[in-house]
Structures are given as C-alpha cells and as structure tokens.
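The next block holds one structure in the form of structure tokens; read it before the comments.
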Amino acid sequence: MLLFSAMAFLQSRTAALANKTAQAAVELSMRLADARSAGDLFAPSPEPRLFAVTVTAYSPTPDQTWGDPWTGAMGRRVRPGKTLAVSHDLKHLLGSRVYVQGVGYLVAEDLMHPRWENRVDLCLRTRDRAEAFGIRQLNMVVLD
C-alpha cells in the first residue's frame with residue numbers, strides 16, 4: 001500500500017511539473033515575441049526620416065502650376081499652407097505627412113520640376129508670401 005501511495009504521489013507531481021513546464025514554455029514564447037516586437041520599434045529605419053532640404057515656396061497661380069491654379073503636377077488640388085511639393089529624388093515621400101522646421105506640418109502631395117534635387121516647395125496662398133519666404137535650408141522630418 002505504501003508503494004502504491006508513493007507511485008501515485010510521484011505521478012501527480014510529475015503531471016504537475018509537466019503542466020508547469022508547458023506553461024513556462026508558452027510564457028517564454030510570448031515574452032520572446034514581445035521582445036522582438038519591442039526591438040523593431042528601436043531598429044533603424046530602412047529609409048531616412050530626417051532630411052536637410054532646400055525649402056522654397058510657390059503660390060497657386062497659372063504660371064506656377066499646370067494651368068489650373070488649384071491643380072498641382074499630380075493632378076490633385078493644392079492646399080495653401082498644407083501642400084508640399086517634393087523634388088523627383090524625394091518622390092518616394094508622396095503621400096507622407098512631414099514636419100518642416102519652422103514651418104509646420106504638411107503633406108507631400110505635389111511634385112516639382114525634374115531639374116530640382118533635395119528640394120521641397122511650400123504652397124502658400126499668395127505670390128507675395130511665396131516670394132517673401134525665399135530660399136531656406138531647413139530640416140524636414142517624415143512622420144509617416
């Protein structure tokens with residue numbers, strides 16, 4: 001009888017230990033997945049997010065757009081104070097929200113003439129404002 005009780009005890013402890021081992025394996029797997037996800041947050045982005053660019057400005061006038069003052073080169077309506085035109089080397093940023101230092105938040109939704117590189121163009125309401133803005137060297141951060 002004592003031998004039977006000892007065997008029953010060992011079997012129950014073995015089952016409990018196997019259950020705890022399985023639970024620990026599941027928890028370890030979940031923690032490993034969380035650690036990998038957290039690591040991705042701090043991994044270097046494959047594309048640069050900060051650009052030092054030349055910033056100019058334009059206004060929605062026929063001579064600075066494609067005929068219709070409110071239609072940009074991409075065929076979309078330009079929005080003064082919100083639309084940003086990018087040079088062809090930065091066209092992968094089209095559709096992205098950006099922050100331009102000292103200017104504010106804009107959306108890259110227009111394309112500049114192919115002759116420009118590393119340049120962005122702000123859409124401002126009037127020609128006077130665009131000319132007053134001038135040419136500046138600023139930092140631009142891609143937000144999404």
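Residue 18 in the UniProt record's numbering sits at position 18 of the sequence shown, and the numbers go up by one each step.
Even glycine gets a Cβ: it sits at the ideal position worked out from N, Cα and C.
- Buried is the label assigned to A57, since at least 16 other Cβ atoms lie within 10 Å of its Cβ.
- For R77, the secondary structure class from DSSP, reduced to helix, strand or coil, is strand.
- Put simply, the stretch 104–114 touches the stretch 83–90. At least three CB pairs are less than 8 Å apart.
- Look at the beta carbons and you see the stretch 132–143 touching the stretch 91–107: at least three pairs across the two are nearer than 8 Å.
- Non-local beta-carbon contacts of W70 in its own chain, meaning distances under 7 Å to residues more than five positions away in sequence, involve P60, R77 and V78 in chain order.
- Boundaries of the alpha helix (DSSP H) around E131: R127 to F133.
- Between L122 and V53 a beta carbon distance of about 11 Å is seen, past the 8 Å cut, so the two are scored as non-contacting.
- As computed with DSSP, R97 is found in a beta bridge with V107.
- Collapsing the DSSP output to three states places T71 in a strand.
- Looking at A22, R13, L93 and L10, the one whose alpha-carbon comes closest to that of P48 is L93.
- Residue burial annotation: G72 is buried, with at least 16 other C-beta atoms found within 10 angstroms of its C-beta.
- Bridge pairing for M140: F51 and V100 [DSSP].
- With respect to E117, D89 sits close: the two C-beta atoms are nearer than 9 Å.
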